[in-house]
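Residue numbers (the numbering used here), protein chains in the order written: chain A, 1 to 113; chain B, 114 to 225.
Idealized CB from N, CA, C, for every residue including glycine.
Worksheet: the structure to be examined is printed underneath.
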Amino acid sequence: ETGVTQTPRHLVMGMTNKKSLKCEQHLGHNAMYWYKQSAKKPLELMFVYNFKEQTENNSVPSRFSPECPNSSHLFLHLHTLQPEDSALYLCASSSKGGSDIQYFGAGTRLSVL
Amino acid sequence: GESVGLHLPTLSVQEGDNSIINCAYSNSASDYFIWYKQESGKGPQFIIDIRSNMDKRQGQRVTVLLNKTVKHLSLQIAATQPGDSAVYFCAALDNYGQNFVFGPGTRLSVLP
């Protein structure tokens, strides 16, 4: 148990659906991250939040919309996704932003049909 | 742009042997590096880190070596066990010291 919990673990959605991924960390950290992990590709940083403020948006399409209501919770709202968005979405947290060890959740395996 | 790469996408070793997983990075200004282990169905898990003012750091059964001259780091696992089977990633802190750039990973398989 890493202290970072992601739900759901698996999600199948159609291209017209709207769904949300949830991440919760119990580590008392101040920074949270969303990553996309596709087969045979490096982890791709999507969004970074520091003290609930978004500090990084790595040219992510607007069909992905993050929300960070407090330092312990992070959401990724999904709408009108494409099949190429199918991937493992990982949430991570760290004590402070960027230059600190990141602790990852188990991820949400997303399939877009 | 910055990149982090590994020399081998897969590595098979006999149980009990030592494993060496390599990683190359492009940014000479990177001053902090982390190795992660990702088992099937799980997220990446921190193994060991090293800062650029060191060239070697040891943990329990693991050693990380850093060669800044050639921008290369390696992870050595002693007496490899079946539980070490996983994908191993290196990550290097970017130019701005803000985010990590991850390598594509090496899948380590431990043979009985």
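*A/D85 versus A/M13: straight-line alpha-carbon distance, rounded*: Approximately 11 Å, taken between the alpha carbons.
*For the beta strand (DSSP E) that A/T80 lies in, which residues bound it at each end?*
Per DSSP, A/T80 belongs to no beta strand (DSSP E) and is neither H nor E.
*For A/V48, which residues from the same chain have a beta carbon less than 6 Å from its beta carbon, with the 5 sequence-adjacent residues on both sides left out?*
The residues are Y33, T55, E56.
*asked:* Please identify, using Cβ separations under 9 Å, the residues of the segment 40-57 of chain A that lie next to chain B, in order along the chain.
replied: If the cut-off is 9 Å between Cβ atoms, the segment 40-57 of chain A has K40, K41, P42, L43, E44, L45, V48, T55, E56 near chain B.
*Take the Cβ of B/M167 as the centre, count every other Cβ of all protein chains shown within 10 Å, and call the residue buried at 16 or more, exposed below.*
Here B/M167 is exposed. Its C-beta has fewer than 16 other C-beta atoms within 10 Å.
*asked:* So, with DSSP's three-state summary, where would you put B/P225?
replied: DSSP places B/P225 in coil when its eight states are reduced to three.
*A/P61 - DSSP class collapsed to helix/strand/coil*: Three-state DSSP puts A/P61 in coil, outside helix and strand.
_Please report the straight-line C-alpha distance between A/L76 and A/K18, rounded to a whole angstrom._
Going from the Cα of A/L76 to the Cα of A/K18 covers about 11 Å.
*Would you kindly report the start and end of the unbroken beta strand (DSSP E) that includes A/E84?*
For A/E84, there is no enclosing beta strand (DSSP E), as DSSP gives it neither H nor E.
*So which of B/Q151, B/N140, B/F146 has the shortest CA-CA distance to B/K169?*
Answer by Cα proximity: B/F146.
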